[in-house]
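The next block holds one structure in the form of structure tokens; read it before the comments.
In our numbering, the protein residues as written are 123 to 224.
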């Protein structure tokens, strides 16, 4: 299992945030996040929003640190990128189910 995280450089709601992604499947991503206790509500389209104070925990758990541009490149290359406004069916890929429990 390989998941990736970018630096917590994204402001929002008075905090800084990172993006946690998989380049294999959403199922892999959901499993990794669940093992860390990241709530499913933190999932947005194709990534989990991770607050800066959890960054080191996620890296210690095995996420590979990459630059933000690399997150986007990996998502595009894997076919898992879901831009804003695109529905799940328009961007779904075989084996990338979002099923699973929170």
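Think of the CB as a built atom: it goes at the ideal place given N, C-alpha and C, for glycine as much as any other residue.
Within its own chain, the residues whose Cβ lies closer than 8 Å to the Cβ of residue 177, once the five positions on either side in sequence are excluded, are 127, 129, 130, 140, listed in chain order. Residue 142 has its alpha-carbon roughly 16 Å from the corresponding atom of residue 134. The three-state secondary structure of residue 200, taken from DSSP, is helix.
Per DSSP, the beta bridge partners of residue 171 are 141. Under the three-state reduction of DSSP output, residue 186 falls in the strand class.
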